[in-house]
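One structure below.
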Amino acid sequence: MVAILVLVALGLAGLALLRLRDARADRAEWARLTGVQPGAPRVFLAEMVADLPEPAQRFFRFAIAEGTRLWPVVDLRMTGRMGLGTKESPGYQPIEAKEILAAPEGFVWSVRTRGGMAVAGSDSGKWTRFWLLGLIPVARVGGDADHTRSAFGRYVAEAVFWSPAAVLPRDGVTWTAADAETARVTVRHGDLEQAVDVTVDAEGRPVKVAFDRWTDANTEKEYRLQRFGGYMSDFREVEGYRLPHHVEAGNLFGTEGYFPFFIVDVVGVRFPGAGAE
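Using my numbering, read the sequence shown as starting at 20 and increasing by one per residue.
Now the structure itself:
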């Protein structure tokens, strides 16, 4: 009996140490990405996008006011629901989350469910790690090419509507026209490349974003390209930017199998370093 108790104690201590190590890694990556923010960024001028396809011009003129400092790194706070099941049985759980978004360098999304069997953890360009009740690891993946490619698709797509300064045309970021209302941005970073289609309304609001994401979110659990996307609404002005404060997104976008498992309302937006000007 004593031996069993010792083994249990050692197991719990090991899990506690692993949980502590995860938290430290979250903080370190968050700090690294915050440090990507430029100290004295240039300001937005409409001429910067004058050569882009018309829907892309419309998007940038809506999203960024003339003369706004171009902060590519954004800190977000959000609440909402996350579907832990299927389209037929969504299993939505209320969530609270925070995110540092620094495309193309990376992101950290730290989330916890509220009520019921609490699940907490983080998603990033390097890992996906979640814990049940803060004690039991229920997901630990990352550190391989598949995860890196999948994560890159996510945070490039989110940058389009939450961090427009990060996707202005430059080396590694190109824009083309998909149709009269849709522009396609392609972001390249090292060996990674992701194209994202953004559909805008008459005023330039990015009301829909869609892209082919490398993912294993399918019944075969095999990595392959699948359409992912969502809808944006409730646009509000934040320090010269007009950003969506309601987002619904999911897998198999544009098909009958579309399941919006990610439904959030932004409750806080901050550009690290902006207050130090």
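For glycine and all other residues, C-beta sits at the position ideal for the given N, C-alpha and C.
Distance, Cα to Cα, residue i vs residue j?
{"i": "M167", "j": "F254", "result": "According to the sequence provided, residue 167 is Thr. The question's Met does not apply to it. The straight-line gap from Cα to Cα measures roughly 30 Å."}
{"i": "A202", "j": "E118", "result": "26 Å"}
{"i": "T193", "j": "A44", "result": "32 Å"}
{"i": "G223", "j": "L71", "result": "14 Å"}
{"i": "Q112", "j": "A214", "result": "30 Å"}
{"i": "R61", "j": "G269", "result": "35 Å"}
{"i": "A75", "j": "D198", "result": "11 Å"}
{"i": "L36", "j": "R51", "result": "22 Å"}
{"i": "P291", "j": "D231", "result": "30 Å"}
{"i": "E241", "j": "T274", "result": "19 Å"}
{"i": "G86", "j": "G276", "result": "43 Å"}
{"i": "V160", "j": "L187", "result": "32 Å"}
{"i": "R77", "j": "L95", "result": "24 Å"}
{"i": "E267", "j": "L244", "result": "20 Å"}
{"i": "V130", "j": "V257", "result": "23 Å"}
{"i": "P279", "j": "T234", "result": "15 Å"}
{"i": "L64", "j": "F272", "result": "34 Å"}
{"i": "A178", "j": "D163", "result": "23 Å"}
{"i": "D297", "j": "T147", "result": "Nothing can be reported for residue 297: it is not among the residues displayed for the chain, which extend from 20 to 296."}
{"i": "E48", "j": "A84", "result": "30 Å"}
{"i": "S141", "j": "F79", "result": "30 Å"}
{"i": "G99", "j": "V68", "result": "34 Å"}
{"i": "L134", "j": "W128", "result": "According to the sequence shown, residue 134 is Gly rather than Leu. Cα to Cα, the separation comes out at about 20 Å."}
{"i": "N237", "j": "S169", "result": "14 Å"}
With a cut-off of 8 Å on the beta carbons, I'd call residue i and residue j a contact; round off their distance for me.
{"i": "W181", "j": "V93", "result": "6 Å"}
{"i": "G153", "j": "R38", "result": "7 Å"}
{"i": "G249", "j": "V228", "result": "6 Å"}
{"i": "M97", "j": "A82", "result": "Going by Cβ atoms, the distance from M97 to A82 rounds to 19 Å, so no, they are not a contact pair."}
{"i": "F149", "j": "A137", "result": "Between A137 and F149 the Cβ distance is about 11 Å, and since that is not below 8 Å, they are no contact."}
{"i": "F126", "j": "Y174", "result": "4 Å"}
Within 10 angstroms of its Cβ, does residue i collect 16 or more other Cβ (buried), or is it exposed?
{"i": "D216", "result": "buried"}
{"i": "V9", "result": "Absent from the model: residue 9. The displayed extent of the chain is 20 to 296, so no value can be given."}
{"i": "E107", "result": "exposed"}
{"i": "L29", "result": "Only weak support is given to the placement of L29: the predicted model assigns it a pLDDT of 49, under 50, and the question is left unresolved by the model."}
{"i": "A121", "result": "buried"}
{"i": "E66", "result": "exposed"}
{"i": "I155", "result": "exposed"}
{"i": "P225", "result": "buried"}
{"i": "P57", "result": "exposed"}
{"i": "E239", "result": "exposed"}
{"i": "T105", "result": "exposed"}
{"i": "G144", "result": "buried"}
{"i": "A176", "result": "buried"}
If you compare alpha carbons, which of the options is closest to residue i?
{"i": "R189", "options": "E48, P91, P156, F290", "result": "P91"}
{"i": "P263", "options": "I282, F149, K106", "result": "I282"}
{"i": "R88", "options": "A185, L34, T147", "result": "A185"}
{"i": "G102", "options": "W150, T132, R148, V68", "result": "T132"}
{"i": "E124", "options": "M136, F171, K227", "result": "F171"}
{"i": "E73", "options": "K227, T195, E212", "result": "T195"}
{"i": "D210", "options": "A116, A84, G191", "result": "G191"}
{"i": "A16", "options": "R46, F149, A59, W49", "result": "In this structure the chain extends from 20 to 296, so residue 16 is not present and cannot be described."}
{"i": "L151", "options": "F272, V288, L34", "result": "L34"}
{"i": "M251", "options": "G104, A221, H265, R261", "result": "H265"}
{"i": "P183", "options": "R46, R261, D41, E212", "result": "R261"}
{"i": "V219", "options": "E200, D41, V204", "result": "E200"}
{"i": "R289", "options": "A221, T205, I114, T53", "result": "T53"}
Counting only beta-carbon separations shorter than 8 Å, does residue i have a partner in chain B?
{"i": "P263", "result": "In the displayed structure, chain B is absent; only one protein chain is listed."}
Which runs of the alpha helix (DSSP H) fall wholly inside the stretch 189-242 and span at least 4 residues, in chain order?
-> none
Where are the beta strand (DSSP E) runs, 3 residues long or more, that stay fully inside the stretch 83-146, in chain order?
-> 93-102, 111-121, 125-132, 138-143
Hey, which unbroken runs of the beta strand (DSSP E) at 3 residues or more fall wholly within the stretch 252-293?
-> 260-270, 278-289
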